[in-house]
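> Under the numbering used here, the first residue of the sequence shown is numbered 2, with each subsequent residue one higher. Where is the CB? At the ideal position from N, CA and C, for every residue including glycine. Attaching a single structure in structure tokens format; questions to follow.
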Amino acid sequence: MGATGNWELSESEGGVLAGRWWKWAMSAPDDVSPVRDTTGEHAAWSQPSDLWFLAGTYGGRVVRRCAIPSGKPLFFPVLNMQHDRTYSKIPQSVKAAEASAFLNGLPLTLQEFSGPFRTGLTRRFASGIWGGIAPLVPGQYVLEIKGRAVDGFWVDTSYHLDVQDV
């Protein structure tokens, strides 16, 4: 893992993180939801101790500004979905027409992951196209995330990251 490079994950690691991301995103109350947040003010909500999740969106253009700690890898969705097992016994995939992420203008490698997770007693599947960034050194970064599904859903998210020593 480099100072500003990709964080490459195995399929099983990525599937576990996708499930953890969904549990994190779904557990947030609406008024502090990092996914609903359009400014970045709720980016730090209930972050895990071992990494930093960046929120996806419900579609469209969003610009977020947030401070994050150095020394933690970042994990984020480009296009993702979840469903419970009453909908399908196997993970459904996101059908992407395009997906990209750039950190300070440099392209990041994206990976497709799916994995099981639970919310309460409900068994679910997470799937999608995800990005990971190795721990960043303190400084200013711009993360651009763009995706478009074949059904017309699209995202265009900019994160202005202020990485700080902790």
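Compare the C-alpha of Y102 against each of K24, W25, L55 and E14 and name the closest.
The question names Tyr, but residue 102 is Ala in the sequence shown. Closest option to A102, Cα to Cα, is L55.
> According to DSSP, is E42 helix, strand or coil?
coil
> If I measure Cβ to Cβ from R124 and keep anything under 6 Å in the same chain, skipping five residues before and after, which residues do I get?
In its chain, beyond the 5 residues on either side, R86 have a beta carbon closer than 6 Å to the beta carbon of R124.
> Tell me the residue span of the beta strand (DSSP E) that contains V79.
L75 to D85 is the span of the beta strand (DSSP E), which, as asked, contains V79.
> Three-state secondary structure (DSSP) at G9?
Reading the sequence as shown, one finds Glu at residue 9 and not Gly. E9 falls in the coil class under three-state DSSP.
> Under the DSSP definition of a beta bridge, which residues are partnered with P70?
Q165
> Taking the beta strand (DSSP E) that Q112 falls in, what are its first and last residues?
L111 to T120
> Going by C-alpha distance, which of D51, L52, Q48 and N81 is nearest T58?
N81
> Taking the alpha carbon of Q48 as the reference point, which residue from M27, V143, K96 and G61 has its own alpha carbon closest?
M27
> Can you give the Cα-Cα distance for P108 and T120, rounded to whole angstroms?
For P108 and T120, the distance between alpha carbons rounds to 34 Å.
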